[in-house]
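> Quick one: the structure is below, and I'll ask about it shortly.
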Amino acid sequence: MTINKVTVLGAGTMGAQLAALFVNAGLKVKLLDIVVDKNDPNLIAKKSYDKITDKKRPLLFDLNLASHLTYGNFDDDLVNDDADLYIEAVKEDIEIKHAVWQLVLQHAKEDALFATNTSGIPINAIAASI
Numbered sequence: 034m035t036i037n038k039v040t041v042l043g044a045g046t047m048g049a050q051l052a053a054l055f056v057n058a059g060l061k062v063k064l065l066d067i068v069v070d071k072n073d074p075n076l077i078a079k080k081s082y083d084k085i086t087d088k089k090r091p092l093l094f095d096l097n098l099a100s101h102l103t104y105g106n107f108d109d110d111l112v113n114d115d116a117d118l119y120i121e122a123v124k125e126d127i128e129i130k131h132a133v134w135q136l137v138l139q140h141a142k143e144d145a146l147f148a149t150n151t152s153g154i155p156i157n158a159i160a161a162s163i
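Numbers given in our numbering equal positions in the sequence shown, counted from 1, plus 33.
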């Protein structure tokens, strides 16, 4: 399988770094997070996008690569998502991770790959929700 599109689940520090890494590798990336403000549903992911593309200290090798990066939220942007790879980088809380994967499973294409950036939770515990 060739990976062309990546969806990063969680737009905090680690998620933003992962998104930048994949964009720098030439992949199309969607960076998603939760809705914390109904008036600005993409607030968290937008802040991370702005950090990634900051002209003074960009995380991208070439700011023209920013066109490969989009951002959004779990509620609106997992629908019709066609990522080849989903990588989860949400809070180190098994219940949150399970909830995120359950959302992804509703929308991911059948042959999509799943990965996690967890550091302290056994992968088997996370995989139990898939």
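From the three backbone atoms N, C-alpha and C, an ideal C-beta is built for every residue, glycine too.
Considering Cα atoms alone, identify which of Val69, Gln50, Lys71 and Asp73 is closest to Val62.
Your numbering for residue 62 matches position 29 in the sequence shown. Selected option, being the one with the closest Cα: Gln50.
> Between Leu92, Thr103 and Asp108, which has its C-alpha nearest Asn57's C-alpha?
The sequence position of residue 57 within the sequence shown is 24, counting from 1. Closest option to Asn57, Cα to Cα, is Leu92.
> Which residue marks the beginning of the alpha helix (DSSP H) containing Val137, and which one marks its end?
Locating residue 137 in the sequence shown gives position 104, counting from the first residue. Element bounds for Val137: Ile127 to His140.
> On a CA-only basis, which of Ser81, Pro74, Phe147 and Leu118 is nearest Thr35? Give me that one, please.
Position 2 of the sequence shown holds residue 35. Of the candidates Ser81, Pro74, Phe147 and Leu118, the one whose C-alpha sits nearest the C-alpha of Thr35 is Leu118.
> Between His101 and Gly59, what straight-line distance do the alpha-carbon atoms span, to the nearest angstrom?
Taking the first residue of the sequence shown as position 1, residue 101 is located at position 68. Taking the first residue of the sequence shown as position 1, residue 59 is located at position 26. Cα to Cα, His101 sits roughly 8 Å from Gly59.
> What separation, rounded to the nearest whole angstrom, lies between the Cα atoms of Leu136 and Ala53?
As a working note, residue 136 is residue 103 in the sequence shown. As a working note, residue 53 is residue 20 in the sequence shown. The straight-line gap from Cα to Cα measures roughly 23 Å.
> What do you reckon, are the CB atoms on Val41 and Ala116 nearer than 7 Å?
Indexing the sequence shown from 1 puts residue 41 at position 8. Indexing the sequence shown from 1 puts residue 116 at position 83. Not in contact: Val41 and Ala116 (Cβ atoms no closer than 7 Å).
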